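First the structure, in the form of structure tokens, and then the observations on it.
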Amino acid sequence: MKISKLVKGIGLTVTLLGAVAIISLSLLFMSISNRTEAVEQQMKFQSLGRQVQEASDFLTNQVRIYSQYGAPENLENYNTEVKKTKRRDSALDELATYNVPDDIMAHVEEAVKKSNELAQIEAKAISSVEKNNMEMAQMRVFDQNYQSMKASIDENLATFQIELVALGARKAGSAKRQMETFLYLTIGAVGLMILLSATTYLTLYRRIKPLGKVTNLANEVAQGRLDSDDIHHHSKDEIGSLTIAINGMKNDLKDMISNIASVSSTVTKQSEEFTQSSYEVKEGSEQIAVTMEELSSGAETQATSSSRLAVMMDHLLKEIQQAHRSGETISNTSASVLTMTKEGTDLMNQSVEQMERIDGIVKTSVDSVRGLDAQSKEISKLVKVIRDIADQTNLLSLNAAIEAARAGEHGKGFAVVADEVRKLAEQVSHSVVEITGIVQTIQSESATVVQSLEQGYAEVDKGSKQIKVTGETFESIYQSVSDMASNIQQVTTTLTEIVDNSQEMNHSIEEIASVSEESAAGVEQAAASAEQSSSSMEEISNRSKELAELSERLDDEVNRFSL
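Encoded structure:
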């Protein structure tokens with residue numbers, strides 16, 4: 001068998017085994033990826049199952065706490081979970097993308113059904129809390145019906161999680177077994193390739209061992225030793241054909257040397273010139289290529305950077321100008337606030353002075369009413385004296401009437417006088433009683449007025465102190481606003497400087513654009529160098545034609561050999 005057929009057969013076999021190995025390796029990587037995906041899916045199943053369970057427990061806990069304490073944050077947490085977060089719904093939507101079997105999803109669907117029923121009970125409990133019927137709300141979420149439904153939900157979710165994890169484990173196990181199968185297949189294919197490669201090496205080594213003699217003869221011919229002996233090797237493969245060919249080539253070369261010698265000198269001379277021109281063209285072309293590449297890259301980079309920087313600087317300048325305008329607005333506003341704060345401080349100082357005047361007036365009123373109360377007490381004393389005098393006068397008039405009666409006719413005039421005195425004493429007694437009532441009323445009202453004025457005085461004194469504290473607070477606010485106005489003025493000044501710096505940066509960008517134009521000029525110079533290289537290449541082409549004609553003469557001699 002010829003070596004070519006042997007090599008083709010072995011090569012085809014190795015190719016097939018290599019294809020099998022590559023396919024097996026690809027499938028192995030795919031199975032590894034599938035197993036990794038299955039493990040990740042298993043972990044995801046566990047996470048989603050916990051998410052559904054946690055969402056259910058969270059809603060139950062929040063509504064139970066709300067039914068016990070009525071805290072608004074628990075109701076807000078409950079509504080946020082139901083209307084916004086929706087962890088249960090998002091988990092179920094994500095599970096739908098994994099094509100979970102219906103028998104497993106049936107547990108979740110049953111749990112969802114029960115959860116919807118619980119939601120109705122929870123809504124009633126929330127309504128009871130809003131009606132301040134805490135006992136009814138607690139009964140709804142803690143009774144046997146609610147707990148049994150919650151237990152049913154937990155049981156379905158637990159079964160769902162167990163079966164979901166088992167599903168992930170089955171997928172992971174299947175992916176693992178598939179990975180092991182492809183791994184063994186890959187190892188087998190690689191082992192066969194190694195075995196076949198070793199067999200091929202040993203077979204080819206025995207078949208091509210005679211090539212050493214052919215190589216030695218070829219080296220001798222290459223060294224110009226055409227008087228060497230022929231090789232004596234007879235086989236029907238390529239080695240035998242090569243031996244005959246090398247022997248014939250050696251003999252034919254002896255006849256060709258004289259013809260080649262004359263042509264060789266001419267070819268050598270032209271080749272030197274061609275080599276020199278080619279070298280110059282090569283250097284010029286390489287230099288041009290490097291220059292063009294650098295300039296092109298630099299120009300593109302600069303152009304791109306300049307464009308991007310120009311857009312960014314334009315946007316930044318607009319933002320800074322907007323910030324500067326906002327700063328001026330804030331500065332004006334802070335000045336207005338400062339003015340209003342100053343006015344408020346002045347008004348508070350006036351209020352303090354007014355409260356001090358009111359305090360003095362109330363204090364004077366209290367003292368006046370207290371004096372009136374003292375005078376009414378003195379009047380009471382005088383009224384008591386008058387009442388005593390009236391009683392004595394009444395007693396004296398009675399005695400005088402008795403004495404007048406004893407005197408008979410002589411005492412009638414005195415009796416009339418005594419009777420008038422008695423009447424006058426009685427009138428005085430009645431007046432004293434009325435005056436006493438009036439004085440007591442005045443004293444009672446005075447006491448009430450004194451108490452009210454004292455309370456008012458205490459409130460006025462308290463208000464005076466509070467107004468003083470408020471005045472001090474206004475002073476602090478005025479100082480803080482003054483500091484804020486100073487800081488805002490500094491910020492406005494800084495923004496003005498930033499605007500100026502931004503304009504300078506725009507000038508820098510214009511300079512960068514100028515540099516880009518210079519780079520473009522460099523590219524044009526490089527293009528001119530390329531044109532010069534083109535002229536040199538044209539000269540080389542002419543010389544190459546001459547070499548081609550000489551090469552044809554050499555080919556006529558060389559074509560006598562079968563390669």
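Numbering (the UniProt record's numbering), first residue to last: 1 to 563.
Where a beta carbon is used, it is the ideal one built from N, C-alpha and C, also for glycine.
Computed from a prediction, not measured in an experiment: that's the story for all the values here.
* Asked: CB Val52 to CB Val108, shorter than 8 Å?
  -> The sequence position of residue 52 within the sequence shown is 52, counting from 1. The sequence position of residue 108 within the sequence shown is 108, counting from 1. Taking 8 Å as the Cβ cut-off, Val52 and Val108 qualify as a contacting pair.
* Taking the CB atoms as reference points, tell me whether Ser90 and Ala137 lie closer together than 8 Å. => In the sequence shown, the residue the question calls residue 90 occupies position 90. In the sequence shown, the residue the question calls residue 137 occupies position 137. Not closer than 8 Å, so no.
* Is Gln427 helix, strand or coil when you go by DSSP? -> To locate residue 427, count along the sequence shown from 1; it is residue 427. Reduced to three states, the DSSP call for Gln427 is helix.
* Is the distance from the Cβ of Lys150 to the Cβ of Arg140 below 8 Å? -> The residue given as residue 150 occupies position 150 in the sequence shown. The residue given as residue 140 occupies position 140 in the sequence shown. In this structure, Arg140 does not lie closer than 8 Å to Lys150 by Cβ.
* Do you know how far the Cα of Thr215 is from the Cα of Asp227? -> Position 227 of the sequence shown, counted from the start, is the residue given in the question as residue 227. Position 215 of the sequence shown, counted from the start, is the residue given in the question as residue 215. Between Asp227 and Thr215, the C-alpha separation is close to 16 Å.
* **Span separating the alpha-carbon of Thr186 from that of Ala169** => Residue mapping note: residue 186 aligns to position 186 of the sequence shown, counting from 1. Residue mapping note: residue 169 aligns to position 169 of the sequence shown, counting from 1. If you take the alpha carbons of Thr186 and Ala169, they lie about 25 Å apart.
* Nearest candidate by alpha-carbon position, reference Val82, set Ile389, Glu122, Ile246 -> Position 82 of the sequence shown holds residue 82. Taking only the C-alpha atoms, the option nearest Val82 is Glu122.
* Contact set for Ala111: own chain, Cβ-Cβ below 6 Å, skip 5 residues either direction -> Here residue 111 corresponds to residue number 111 of the sequence shown, with the count starting at 1. Contacts found: Ile153, Asn156, Leu157.
* Residue of Ser482, Asp419, Lys44, Thr36 minimising C-alpha distance to Ala404 -> Working through the sequence shown from its first residue, we reach residue 404 at position 404. Closest by alpha carbon: Asp419.
* To do: Report the option in Gln503, Gly70, Ser431 whose CA atom is closest to the CA atom of Ser380.
  => On the sequence shown, residue 380 is found 380 positions in, with the first residue counted as 1. That would be Ser431, whose Cα lies nearest to the Cα of Ser380.
* For Ala374, count neighbouring Cβ atoms within 10 angstroms of its own Cβ and tell me buried if that reaches 16, exposed if not. => By one-based count along the sequence shown, residue 374 stands at place 374. Classification of Ala374: exposed, given that the 10 Å Cβ count is below 16.
* Asked: By DSSP, does His107 sit in helix, in strand, or in coil?
  -> For the purposes of this step, residue 107 is taken as the residue at position 107 of the sequence shown. Three-state result, His107: helix.
* Taking the continuous alpha helix (DSSP H) assigned at Ala96, which residues delimit it? -> Counting from one through the sequence shown, the residue named residue 96 turns up at place 96. Looking at the DSSP string, the run of the alpha helix (DSSP H) that includes Ala96 is 87 to 96.
* When DSSP labels each residue in this structure, what does Lys171 get in the three-state scheme? -> Here residue 171 refers to the residue found at position 171 when the sequence shown is read from its first residue. In this structure, Lys171 counts as helix in the three-state DSSP scheme.
* Which value, in whole angstroms, describes the spacing of the CA atoms of Glu73 and Leu118? -> Locating residue 73 in the sequence shown gives position 73, counting from the first residue. Locating residue 118 in the sequence shown gives position 118, counting from the first residue. Whole-angstrom Cα-Cα distance: 20 Å.
* Would you check whether the ligand SAM has a heavy atom nearer than 7 Å to the C-beta of Ala425? => With respect to the ligand SAM, the structure offers nothing, as it holds no ligand at all.
* To do: Could you check the C-alpha separation between Lys84 and Thr329 for me, to the nearest Å?
  => In the sequence shown, the residue the question calls residue 84 occupies position 84. In the sequence shown, the residue the question calls residue 329 occupies position 329. The straight-line gap from Cα to Cα measures roughly 40 Å.
* Sort Lys377, Asn349, Asn487 by Cα distance to Val469 and report the nearest one. => As a first step, residue 469 is located in the sequence shown; it is residue number 469 there, counting from the start. Considering only alpha carbons, the answer is Asn349.
* If we count the other Cβ atoms within 10 Å of its Cβ and call it buried at 16 or more, is Gly336 buried or exposed? -> Translated into the one-based positions of the sequence shown, residue 336 becomes position 336. Residue identity check: residue 336 is Ser in the sequence provided, not Gly. Burial call: exposed.
* Would the beta-carbon of Ser429 fall within 8 Å of that of Ala401? -> The residue given as residue 429 occupies position 429 in the sequence shown. The residue given as residue 401 occupies position 401 in the sequence shown. No. Outside cutoff.
* To do: Check whether the Cβ atoms of Leu75 and Ile32 sit closer than 8 Å, and answer yes or no.
  => Taking the first residue of the sequence shown as 1, we reach residue 75 at position 75. Taking the first residue of the sequence shown as 1, we reach residue 32 at position 32. Against a cut-off of 8 Å, the Cβ pair of Ile32 and Leu75 comes out as no contact.
* Asked: What's the C-alpha gap between Glu454 and Glu472?
  -> Here residue 454 corresponds to residue number 454 of the sequence shown, with the count starting at 1. Here residue 472 corresponds to residue number 472 of the sequence shown, with the count starting at 1. Cα to Cα, the separation comes out at about 27 Å.
* Asked: Can you list, in chain order, the residues of its chain whose CB lies under 6 Å from that of Ile10, leaving out five sequence neighbours each side?
  -> Here residue 10 corresponds to residue number 10 of the sequence shown, with the count starting at 1. Only Thr200 meet the Cβ criterion.
* Asked: So, helix, strand or coil for Ser228, using DSSP?
  -> Within the sequence shown, numbered from 1, the residue matching residue 228 stands at position 228. Note: Ser228 maps to coil in three-state DSSP.
* Asked: Alpha carbon to alpha carbon, what distance is there between Thr13 and Gln161?
  -> Against the sequence shown, residue 161 aligns to sequence position 161. Against the sequence shown, residue 13 aligns to sequence position 13. Roughly 51 Å between the two C-alpha positions.
* **Span of the alpha helix (DSSP H), counted from its first residue to its last, around Val141** => Taking the sequence shown and counting its residues from 1, the one referred to as residue 141 is at position 141. It spans 134 to 142 - the alpha helix (DSSP H) in which Val141 sits, taken as one unbroken run.
* Asked: For Val63, is the classification buried or exposed, using 16 other Cβ atoms within 10 angstroms of its Cβ as the cut-off for buried?
  -> The residue labelled residue 63 in the question sits at position 63 within the sequence shown. The residue in question, Val63, is buried, as its Cβ has 16 or more Cβ neighbours within 10 Å.
* Please go through the same chain and pick out, in chain order, the residues whose beta-carbon is closer than 6 Å to the beta-carbon of Lys213, but skip the five residues on each side of it. => The residue given as residue 213 occupies position 213 in the sequence shown. Ile231.
* **Alpha-carbon to alpha-carbon, Leu95 and Asn61** => In the sequence shown, the residue the question calls residue 61 occupies position 61. In the sequence shown, the residue the question calls residue 95 occupies position 95. So the two alpha carbons sit approximately 25 Å from each other.
* Asked: Can you name, in chain order, every residue of its own chain whose Cβ lies under 7 Å from the Cβ of Asn77, other than the five neighbours on each side?
  -> Looking up residue 77 in the sequence shown gives position 77. Here the set comprises Gln62.
* To do: Quick one: residues in its chain with C-beta nearer than 6 Å to the C-beta of Lys114, no 5 flanking neighbours on either side, listed in chain order?
  => The residue you call residue 114 lines up with position 114 of the sequence shown. Counting only Cβ-Cβ distances below 6 Å, and skipping sequence neighbours, we find Met149, Ser152, Ile153.
* Proximity winner among Lys377, Lys423, Glu409, relative to Asn394 (alpha-carbon distances) -> Translated into the one-based positions of the sequence shown, residue 394 becomes position 394. Ranking Lys377, Lys423, Glu409 by Cα distance to Asn394 puts Lys423 first.
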